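S.K.: Got a structure here, written out as structure tokens. Questions coming.
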Amino acid sequence: MEQAYRPYVAALGYEPAPLRADYGDLLRTGVTRILETPEGEMMGLVVFFEEPGCLLVDNVALFPKWQRRGVLVEVFVQGVAEARRRGFRYVRCFTNEKLKRNILFYQKLGFEISHREDLGDRVAIHLRLDTESLSERGIGGWLLARRVGA
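Numbering follows this note's numbering, with no gaps: position 108 of the sequence shown is 307.
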């Protein structure tokens with residue numbers, strides 16, 4: 200995770216929580232999925248949690264080699280499918296307000312900003328995707344809808 204998150208330290212002014220997470224514990228609890236190529240090469244990982252009424256994508260970390268190659272879109276396609284399998288209408292995620300590129304990416308997928316959370320030393324932007332209206336949510340929502348069969 201060092202390779203995926205260390206570049207954010209300069210922009211944020213602190214180490215993001217994923218750099219301090221206990222991934223062994225997260226793997227044991229079953230909320231973490233290793234992302235691999237069909238050949239078994241590790242691309243990164245995704246951490247998710249069930250919340251009332253939604254699936255929270257808490258952390259997606261990709262090795263630099265796999266960034267900007269469509270892998271993240273596929274992660275969210277699978278996240279939407281998983282949310283539906285579990286009976287959830289919504290998928291939720293969050294990011295730091297300083298990470299404008301992340302916010303724009305999520306919005307292109309069809310996520311809408313639900314609220315801002317002032318955490319004192321930083322502001323979190325919370326986003327939510329309604330899986331029942333994917334095709335109405337721009338090109339990203341259209342892509343997700345086609346991929347998960349909406």
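For glycine and all other residues, C-beta sits at the position ideal for the given N, C-alpha and C. Keep in mind the model is a prediction, meaning the values are calculated, not measured.
By the three-class DSSP mapping on this structure, what secondary structure does T330 have?
M.R.: The residue labelled residue 330 in the question sits at position 131 within the sequence shown. Note: T330 maps to helix in three-state DSSP.
S.K.: In terms of alpha-carbon separation, which member of G309, V259, G252 and E240 lies closest to Y289?
M.R.: As a first step, residue 289 is located in the sequence shown; it is residue number 90 there, counting from the start. Of the candidates G309, V259, G252 and E240, G252 places its Cα closest to the Cα of Y289.
S.K.: Flag E331 as yes if its beta-carbon sits less than 7 angstroms from any beta-carbon of chain C, otherwise no.
M.R.: Any reference to chain C falls outside this structure, which holds one protein chain only.
S.K.: Any idea if D257 is buried or exposed, counting beta-carbon neighbours within 10 angstroms, 16 or more meaning buried?
M.R.: Looking up residue 257 in the sequence shown gives position 58. Burial call: buried.
S.K.: Exposed or buried, what is A210 when buried is set at 16 or more other beta-carbons lying within 10 Å of its beta-carbon?
M.R.: Taking the first residue of the sequence shown as 1, we reach residue 210 at position 11. Exposed: under 16 other Cβ atoms inside 10 Å.
S.K.: Out of L244, L255 and F287, point me to the one whose CA is closest to V270's CA.
M.R.: Within the sequence shown, the letter at position 71 stands for residue 270. Of the candidates L244, L255 and F287, the one whose C-alpha sits nearest the C-alpha of V270 is L244.
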